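The next block holds one structure in the form of structure tokens; read it before the comments.
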Amino acid sequence: MKNWTLIYDGFEPAEEGHREALCTLGNGYFATRGAAAESEADDIHYPGTYLAGGYNRLETEIAGRTIENEDLVNLPNWLVLKFKIEDENWFDVMSVELLSYRQELNLQHGVLTRTICFRDKKKRETTIIDRRFVHRVQMHLAAQEITVIPENWSGRIQFQSALDGTVINAGVERYKQLNSKHLDVLDLGRTEDDLIWLLTETNQSHIRIAEAARTDVFVNEDPVIVEKNLVQQAGWIGQEFVVQTKEKTPVSVQKTISLFTSRDVAISEPLLDAIDALRTADDFQTLLESHITKWKHTWDRCDIEIIHNTRTQMILRLHIFHLLQTASRNSIDLDIGVPARGWHGEAYRGHIFWDELFIFPYLNLRLPMLTCSLLRYRFRRLDRARLAARQAGFKGAMYPWQSGSNGREETQQLHLNPQSGRWLPDNTHLQRHVNAAIVYNVWLYYKTTKDLEFLASCGAEMALEIARFMADLTTYNEALDRYEILGVMGPDEYHDAYPDSDKPGLNNNAYTNVMTVFVLRTAIQILELLPLRRRRDLQELLGLDMGEIDSWRDMIRKMRLVFHDDGILSQFEGYDRLQEFDWDGYRQKYGDIHRLDRILEKEGDSVNRYKASKQPDVLMLFYLFSAEEIKSLFNAMGYDFDPEMIPKNIEYYLNRSSHGSTLSYIVFCWVMARSDRRRSWEMFQKALEADVSDVQGGTTREGIHLGAMAGTVDILQRCYTGLAFEDEMLALNPRIPHDIEKLCMKIKYHNRWIDIATTPGSMTIASDSCELNAVKFRFQDKVYELRPGQKHTFALD
62 MKNWTLIYDG
72 FEPAEEGHRE
82 ALCTLGNGYF
92 ATRGAAAESE
102 ADDIHYPGTY
112 LAGGYNRLET
122 EIAGRTIENE
132 DLVNLPNWLV
142 LKFKIEDENW
152 FDVMSVELLS
162 YRQELNLQHG
172 VLTRTICFRD
182 KKKRETTIID
192 RRFVHRVQMH
202 LAAQEITVIP
212 ENWSGRIQFQ
222 SALDGTVINA
232 GVERYKQLNS
242 KHLDVLDLGR
252 TEDDLIWLLT
262 ETNQSHIRIA
272 EAARTDVFVN
282 EDPVIVEKNL
292 VQQAGWIGQE
302 FVVQTKEKTP
312 VSVQKTISLF
322 TSRDVAISEP
332 LLDAIDALRT
342 ADDFQTLLES
352 HITKWKHTWD
362 RCDIEIIHNT
372 RTQMILRLHI
382 FHLLQTASRN
392 SIDLDIGVPA
402 RGWHGEAYRG
412 HIFWDELFIF
422 PYLNLRLPML
432 TCSLLRYRFR
442 RLDRARLAAR
452 QAGFKGAMYP
462 WQSGSNGREE
472 TQQLHLNPQS
482 GRWLPDNTHL
492 QRHVNAAIVY
502 NVWLYYKTTK
512 DLEFLASCGA
522 EMALEIARFM
532 ADLTTYNEAL
542 DRYEILGVMG
552 PDEYHDAYPD
562 SDKPGLNNNA
572 YTNVMTVFVL
582 RTAIQILELL
592 PLRRRRDLQE
602 LLGLDMGEID
612 SWRDMIRKMR
622 LVFHDDGILS
632 QFEGYDRLQE
642 FDWDGYRQKY
652 GDIHRLDRIL
662 EKEGDSVNRY
672 KASKQPDVLM
682 LFYLFSAEEI
692 KSLFNAMGYD
702 FDPEMIPKNI
712 EYYLNRSSHG
722 STLSYIVFCW
732 VMARSDRRRS
742 WEMFQKALEA
752 DVSDVQGGTT
762 REGIHLGAMA
772 GTVDILQRCY
782 TGLAFEDEML
792 ALNPRIPHDI
802 EKLCMKIKYH
812 NRWIDIATTP
822 GSMTIASDSC
832 ELNAVKFRFQ
842 DKVYELRPGQ
852 KHTFALD
């Protein structure tokens with residue numbers, strides 16, 4: 062079971078926040094951090110619960126300006142379940158002598174367990190075992206159980222079970238100067254059948270949140286009736302009760318909670334439904350069994366087995382686990398996107414960036430209906446994107462770099478450099494390439510599923526309006542007879558302006574320019590795929606005539622790229638004139654220079670002056686496209702493409718990267734996979750450890766990095782297997798590192814389940830016998846047909 066279990070032996074106060082994020086439990090509807098049941102928010106613990114899409118806005122006076130931020134709201138804490146022995150204080154792991162401490166996250170079952178043996182000041186030895194889960198199927202339910210075993214004593218144990226509505230958003234240190242009280246407590250109480258409940262509301266978005274709790278008591282596994290005394294404080298309601306016990310006799314308290322909000326569908330009113338759901342909910346053990354069964358069914362389709370070593374497999378499954386907790390079948394029709402940091406904490410305020418680009422490839426091949434639902438989040442905000450484009454003076458639809466509730470631009474106006482203490486302008490909204498990512502996601506989803514209905518009803522309209530915006534973003538340079546894109550940012554967030562310039566933005570970012578060509582070509586291709594009537598209707602609706610489409614074709618032919626004298630594709634115009642950076646000197650001086658931008662700003666300098674990148678920018682092109690696809694794009698623009706350009710650019714930009722983003726190692730791993738498997742595997746191992754080892758120096762405690770987690774999974778499923786979609790068929794051209802003994806997975810392609818197993822010496826592809834139709838696939842340079850129940854095995858060089 063070790064490759065299915067994240068294990069922590071020993072209590073490390075400084076590591077608790079990190080562990081809490083990684084041990085978060087969720088079901089695609091809500092998520093709760095893995096904080097101890099007895100803990101409160103302090104310098105060690107942060108017991109947060111978050112609703113998918115549960116946002117609220119607050120204003121704050123900062124640096125003489127009124128700024129408004131939209132945050133993912135920390136909901137009332139349902140975890141509160143404390144105990145104390147006789148007349149001692151409530152149990153606190155910091156105030157007892159620990160004999161043993163072990164925390165286990167069972168990824169296979171979705172259950173978090175903590176086992177502690179301790180000795181108190183009166184030499185009493187006690188074992189406690191607590192378990193919890195957030196139900197995989199019944200998305201409004203969660204449960205926890207604490208079992209207390211007196212090892213060498215008999216006496217009285219007092220318990221407290223509560224719902225705490227006094228919480229604020231305090232999970233990110235650098236946000237603490239911002240207003241953080243998002244909840245108002247509307248009411249609280251107890252029902253006649255001894256359930257406690259709490260009703261709150263966000264104070265700007267007016268989302269009502271109802272939580273109810275049922276507490277059951279067992280002695281030696283037998284249910285007992287105890288008198289529960291109601292305890293109330295402002296915004297807080299609980300029950301306290303006493304159990305008499307004997308040496309070696311376990312006392313278990315089981316707490317089942319329900320959570321409903323006014324955003325829910327198929328309900329009458331949140332509080333009414335929360336209480337009803339709890340009254341009809343099964344007991345703890347029955348709920349646990351159905352929860353485990355659903356996880357089994359999920360893993361049957363979604364697991365990726367890698368035979369290498371136990372730790373690699375465990376971390377890979379941890380990454381898949383958090384993907385499947387952030388977005389699941391429960392997420393369908395919730396009108397949510399995929400947040401960059403999961404629903405695991407308050408970093409990035411729960412906003413949606415471009416990380417879907419790294420996340421959707423995994424979902425496309427296993428839960429395509431979920432991808433479809435998540436893409437509809439973007440479609441529902443198309444009118445808002447049109448408004449944003451119009452207000453900025455552009456045609457079409459301009460999606461925001463950071464999105465939240467309604468699709469307006471949520472990028473902060475100011476950001477705090479925690480090293481200097483200064484608030485600085487935030488120009489990252491200039492990352493217009495997020496629009497290209499949406500089109501890429503639509504197109505990849507279609508190629509994987511052949512879902513023409515989605516393309517016709519939603520995808521095409523988004524792609525065409527984004528194409529219209531990106532075309533309008535271009536400027537024609539008559540002297541060069543080329544189109545340019547001015548005043549934008551690429552994926553490398555270090556560079557947001559030219560040195561000593563007061564004007565934000567950069568010109569001719571290579572990634573943005575090439576992705577614009579991709580968007581224009583793809584939009585035209587999508588339009589041609591549509592049924593004739595839908596095509597005509599859409600063109601009439603959008604006022605899109607052939608003259609405008611012909612102008613797109615002209616832009617494709619004449620889009621400008623900038624090259625250095627040595628043939629390197631320039632990250633942006635003028636990059637080659639920047640100063641080289643003293644990497645060795647700064648590493649020697651500071652050690653960790655992941656956030657080089659903050660270090661230099663503290664020194665009164667600017668990273669804009671240097672050839673230093675936070676993460677790959679140009680190289681994202683080689684991440685998203687094969688060499689053949691890059692050649693096609695370059696040729697369409699009138700540029701020659703030499704395959705040697707790829708390793709040459711990799712080496713150039715690798716030597717100028719600080720890896721300040723967790724996505725950095727993902728991209729380098731991918732682009733090196735064909736030319737340097739050894740270094741690619743080294744990069745993969747670094748990417749794999751990003752959150753588990755918290756390589757960014759404390760950021761994981763604020764929320765996982767979901768894009769990077771998904772990226773590691775996609776490297777195995779697509780990069781190392783050479784899995785691609787082309788010409789109406791699946792393509793396979795494996796080149797897995799020799800470190801991997803075997804890689805096994807299931808994928809769903811064009812609505813057919815396929816098994817793939819790869820070793821360094823062979824690849825086997827098989828179809829379920831229950832499939833109705835054959836699948837065409839290309840292995841290396843030859844085309845085959847995979848019929849139902851058939852298996853092909855190929856030898857690899």
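When we follow the working numbering, the leftmost residue of the sequence shown carries the number 62, and every step to the right adds one. Even for Gly, the Cβ is constructed at its ideal location relative to N, Cα and C. In this text the structure is predicted, and so the values were computed from the model without any measurement.
Within 10 angstroms of its Cβ, does proline 7 collect 16 or more other Cβ (buried), or is it exposed?
For the chain, the structure presents residues 62 to 858; residue 7 sits outside this window and is missing.
Quick one, are the C-beta atoms of serine 823 and arginine 848 less than 8 Å apart?
Sequence index remark: in the sequence shown, residue 823 carries index 762 (1-based). Sequence index remark: in the sequence shown, residue 848 carries index 787 (1-based). Not in contact: serine 823 and arginine 848 (Cβ atoms no closer than 8 Å).
Where do the N-terminal and C-terminal ends of the alpha helix (DSSP H) with serine 466 fall, by residue?
Locating residue 466 in the sequence shown gives position 405, where the first residue counts as 1. No alpha helix (DSSP H) holds serine 466; DSSP gives it neither H nor E.
Output yes or no for whether 8 Å exceeds the beta carbon distance between tyrosine 116 and serine 466.
Here residue 116 is taken as the residue at index 55 of the sequence shown, counted from 1. Here residue 466 is taken as the residue at index 405 of the sequence shown, counted from 1. A contact, by the Cβ cut-off of 8 Å.
Beta-carbon within less than 7 Å of lysine 355's beta-carbon, same chain only, minus the 5 sequence neighbours each way: which residues are those?
For this step, residue 355 is matched to residue 294 along the sequence shown. Result list for lysine 355: Arg197 and Val198, in chain order.
Cα-Cα, which of Arg251, Arg451, Ile218 and Gly764 is closest to histidine 412?
Taking the first residue of the sequence shown as 1, we reach residue 412 at position 351. The shortest C-alpha separation from histidine 412 is found at Gly764.
When the Cα of arginine 340 is compared with those of Gly759, Asp666, Ser389 and Asp277, which residue comes out closest?
To locate residue 340, count along the sequence shown from 1; it is residue 279. It is Asp277 whose Cα lies nearest to the Cα of arginine 340.
By a C-beta neighbour count over all protein chains shown, 10 Å radius and 16 as the cutoff for buried, is aspartate 858 buried or exposed?
Here the question's residue 858 lines up with position 797 in the sequence shown. Under this definition aspartate 858 is an exposed residue.
To which residues does DSSP link alanine 497 through a beta bridge?
Taking the first residue of the sequence shown as 1, we reach residue 497 at position 436. Bridge partners of alanine 497: none, in fact.
Does the Cβ-Cβ distance between tyrosine 460 and isoleucine 499 come in under 8 Å?
Locating residue 460 in the sequence shown gives position 399, where the first residue counts as 1. Locating residue 499 in the sequence shown gives position 438, where the first residue counts as 1. Yes, they are a contact pair.
Can you give me the Cβ contacts of arginine 94 inside the same chain, cut-off strictly under 8 Å, excluding the 5 residues immediately before and after it?
Translated into positions along the sequence shown, residue 94 becomes position 33. So the list reads Glu81, Ala82, Cys84, Thr85, Tyr107, Pro108, Gly109, Thr110, His405 and Gly406, once near-sequence residues are dropped.
Enumerate in chain order the residues of its own chain whose CB-to-CB distance from proline 422 is below 7 Å, with the five nearest sequence positions on each side excluded.
Locating residue 422 in the sequence shown gives position 361, counting from the first residue. If we look at proline 422 and ignore the five residues flanking it on each side, its Cβ neighbours are Leu505, Asp775 and Arg779.
Could you give the distance in angstroms between the alpha-carbon of threonine 510 and the alpha-carbon of isoleucine 808?
In the sequence shown, residue 510 corresponds to position 449, counting from 1. In the sequence shown, residue 808 corresponds to position 747, counting from 1. Each residue's Cα considered, the two are about 11 Å apart.
Are isoleucine 585 and leucine 516 close, meaning C-beta to C-beta below 8 Å?
Taking the first residue of the sequence shown as 1, we reach residue 585 at position 524. Taking the first residue of the sequence shown as 1, we reach residue 516 at position 455. Their beta carbons are not under 8 Å apart, which means isoleucine 585 does not touch leucine 516 by this criterion.
Tell me where the alpha helix (DSSP H) around valine 728 begins and ends.
For the purposes of this step, residue 728 is identified with residue 667 of the sequence shown, where counting begins at 1. Looking at the DSSP string, the run of the alpha helix (DSSP H) that includes valine 728 is 724-733.
Can you have a look at asparagine 370 and say buried or exposed, based on whether 16 or more other CB atoms are within 10 angstroms of its CB?
The sequence position of residue 370 within the sequence shown is 309, counting from 1. Exposed, since its Cβ has fewer than 16 Cβ neighbours within 10 Å.
So what's arginine 197 in DSSP terms, helix, strand or just coil?
Translated into positions along the sequence shown, residue 197 becomes position 136. The answer is coil: DSSP assigns arginine 197 none of H, G, I, E or B.
Would you tell me roughly how many angstroms separate the C-alpha atoms of threonine 773 and histidine 380, rounded to the nearest one?
Locating residue 773 in the sequence shown gives position 712, where the first residue counts as 1. Locating residue 380 in the sequence shown gives position 319, where the first residue counts as 1. Taking the straight line joining both Cα atoms gives about 8 Å.
Could you tell me which of Lys843, Ile336 and Pro708 sits nearest to leucine 793, measuring between CA atoms?
Walking along the sequence shown from the start, residue 793 turns up at place 732. Of Lys843, Ile336 and Pro708, the residue nearest in Cα terms is Lys843.
Judging by CA-CA distance, which residue of Trp644, Met744 and Phe695 is the nearest neighbour of serine 719?
For the purposes of this step, residue 719 is taken as the residue at position 658 of the sequence shown. Of the candidates Trp644, Met744 and Phe695, the one whose C-alpha sits nearest the C-alpha of serine 719 is Trp644.
Can you look up tyrosine 506 in the DSSP assignment and give me helix, strand or coil?
Position 445 of the sequence shown, counted from the first residue, corresponds to residue 506. Residue state, collapsed to three classes: helix.
Measuring alpha carbon to alpha carbon, tell me which of Val172, Arg235, Arg185 and Glu641 ends up nearest alanine 204.
The residue labelled residue 204 in the question sits at position 143 within the sequence shown. Closest by alpha carbon: Val172.
Output the residue ranges of the alpha helix (DSSP H) runs that lie fully inside the region 373-401 and measure 4 residues or longer, sorted by chain position.
Fully enclosed alpha helix (DSSP H) runs of 4 or longer: not present.
Rounded C-beta distance between methionine 576 and histidine 494? I'm assuming under 8 Å.
For the purposes of this step, residue 576 is identified with residue 515 of the sequence shown, where counting begins at 1. For the purposes of this step, residue 494 is identified with residue 433 of the sequence shown, where counting begins at 1. With a Cβ gap of about 6 Å, methionine 576 and histidine 494 count as contacting.
May I ask you to report which of helix, strand or coil DSSP gives valine 314?
Looking up residue 314 in the sequence shown gives position 253. Three-state result, valine 314: strand.
Between the region 650-666 and the region 473-493, do three or more beta carbon pairs fall short of 8 Å?
Segments in contact, yes.
Between the alpha carbons of glutamine 305 and serine 215, how many angstroms are there, rounded?
Walking along the sequence shown from the start, residue 305 turns up at place 244. Walking along the sequence shown from the start, residue 215 turns up at place 154. If I take the Cα positions, the gap works out to 8 Å.
How about glutamate 149 and leucine 224: are their beta carbons less than 8 Å apart?
For the purposes of this step, residue 149 is taken as the residue at position 88 of the sequence shown. For the purposes of this step, residue 224 is taken as the residue at position 163 of the sequence shown. Cβ atoms of glutamate 149 and leucine 224: not closer than 8 Å.
Given a cut-off of 8 Å on the beta-carbon distance, is the pair tryptophan 731 and proline 798 in contact?
To locate residue 731, count along the sequence shown from 1; it is residue 670. To locate residue 798, count along the sequence shown from 1; it is residue 737. No, the Cβ-Cβ distance between tryptophan 731 and proline 798 is not below 8 Å.
Excluding the five sequence neighbours on either side, which residues of its own chain have a C-beta within less than 6 Å of the C-beta of tryptophan 462, listed in chain order?
The residue given as residue 462 occupies position 401 in the sequence shown. Taken in chain order, the residues that qualify are Thr472, Thr489, His490, Gln492 and Val495.
Using only CA atoms, which one of Ala748, Ala571, Ala769 and Asn130 lies nearest to glycine 551?
The residue you call residue 551 lines up with position 490 of the sequence shown. Closest by alpha carbon: Ala571.
Using a 10 Å radius around the Cβ and a threshold of 16 neighbouring Cβ atoms, would you call methionine 607 buried or exposed?
Along the sequence shown, one-based indexing puts residue 607 at 546. Classification for methionine 607: exposed.
Are the Cβ atoms of methionine 770 and leucine 291 separated by less than 8 Å?
Residue numbering aside, residue 770 sits at position 709 when the sequence shown is read from its first letter. Residue numbering aside, residue 291 sits at position 230 when the sequence shown is read from its first letter. No.
How far does the alpha helix (DSSP H) with aspartate 611 in it reach, from first residue to last?
Position 550 of the sequence shown, counting from 1, holds the residue named residue 611. Note, aspartate 611: alpha helix (DSSP H), 607-619.
Just to confirm, are alanine 274 and aspartate 191 a CB contact at a threshold of 8 Å?
Taking the sequence shown and counting its residues from 1, the one referred to as residue 274 is at position 213. Taking the sequence shown and counting its residues from 1, the one referred to as residue 191 is at position 130. No, Cβ-Cβ distance for alanine 274 and aspartate 191 is not below 8 Å.
Look at valine 287 and serine 222 and say whether their C-beta atoms are less than 8 Å apart.
Your numbering for residue 287 matches position 226 in the sequence shown. Your numbering for residue 222 matches position 161 in the sequence shown. For valine 287 and serine 222, no; Cβs fall outside 8 Å.
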